[in-house]
DNA sequence: AAGACACACAACCGCTCTCTC
DNA sequence: CGAGAGAGCGGTTGTGTGTCT
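Numbering (my numbering), first residue to last: 87 to 305.
Right under this line is the structure:
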């Protein structure tokens, strides 16, 4: 038999919160703080479990929440952090002021995942999808292999990587050429650097990403 | 106009971690 | 050290709304 939740056990109210419930919870926390969440519903006069109150406060009522659509910068940062941390939504959200783990997770599942797949990137591994690697020699698409972590300036600012970390990846294919990637800067949601082809030619403008993770592909 | 469908987001569930006794 | 309670986290489901047919 399936285990019943605390709300079921105590026959507490479930589902969407009414404006009256929101007001009660906000007023209570404004006056007393949340303290022990399990005691909040009783003290605030709510027929909810403490867990539900906590979630409602964290994800919806907290005054410091940003809400609204994610900016391109936030999107890029989420993709980058996900490539390093995986589904650690709370850790990812911690790097995005005013955003909650639930919000980031929903955004990832409903939008970014789809977008990455459309670009031929596996959202789980951040590696090119198998089909995406079979590009024709004339295609203007690069696929990295054995790329290392990508230290963007955002990552450096957050002390996730040291300033001396090396940054490189091999270009399997870029407009039909082979070479090595070296990138140096991150701004306006894009990585910039240079591409040193195996032929010896250096292309300063070759490497500009709309993604901020290492194992990637782009057109 | 109405039903079907897709999407975004809110909320729940169950597990793990941490703290206290 | 172990048990129990509370908090936190990630996965999943439910619900409201907009769009398409």
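Virtual Cβ for every residue (Gly too), placed ideally from N, Cα, C.
Nearest to residue i (by Cα), restricted to the options the options
i	options	result
residue 184	155, 122, 103, 121	155
residue 188	99, 153, 103	153
residue 190	123, 122, 140, 168	168
residue 157	208, 193, 145	193
residue 181	200, 159, 202	159
residue 98	133, 196, 106	133
residue 131	145, 107, 144	107
Simplified DSSP state of residue i, which is helix, strand or coil
i	result
residue 120	coil
residue 104	coil
residue 111	helix
residue 224	Low per-residue confidence applies at residue 224: pLDDT is 26, beneath 50, and the placement is therefore not dependable, though the value from the model is reported in the following sentence. Note: residue 224 maps to coil in three-state DSSP.
residue 98	coil
Proximity below 8 angstroms, CB of residue i to CB of residue j
i	j	result
residue 161	residue 198	yes
residue 111	residue 139	yes
residue 186	residue 147	no
residue 142	residue 103	yes
Cβ shell of residue i (< 8 angstroms), same chain only, five flanking positions each side left out
i	result
residue 129	114, 118
residue 105	none
residue 122	136
residue 149	none
Cβ shell of residue i (< 6 angstroms), same chain only, five flanking positions each side left out
i	result
residue 120	126
residue 124	136
residue 202	209
residue 204	none
residue 196	none
Same chain only: Cβ atoms within 7 angstroms of residue i, ignoring 5 sequence neighbours per side
i	result
residue 178	164, 167, 168, 171, 190
residue 144	186
residue 109	none
What are the complete alpha helix (DSSP H) segments, minimum 4 residues, inside the segment 130 to 214? 136 to 142, 158 to 171, 175 to 180, 187 to 193, 199 to 204
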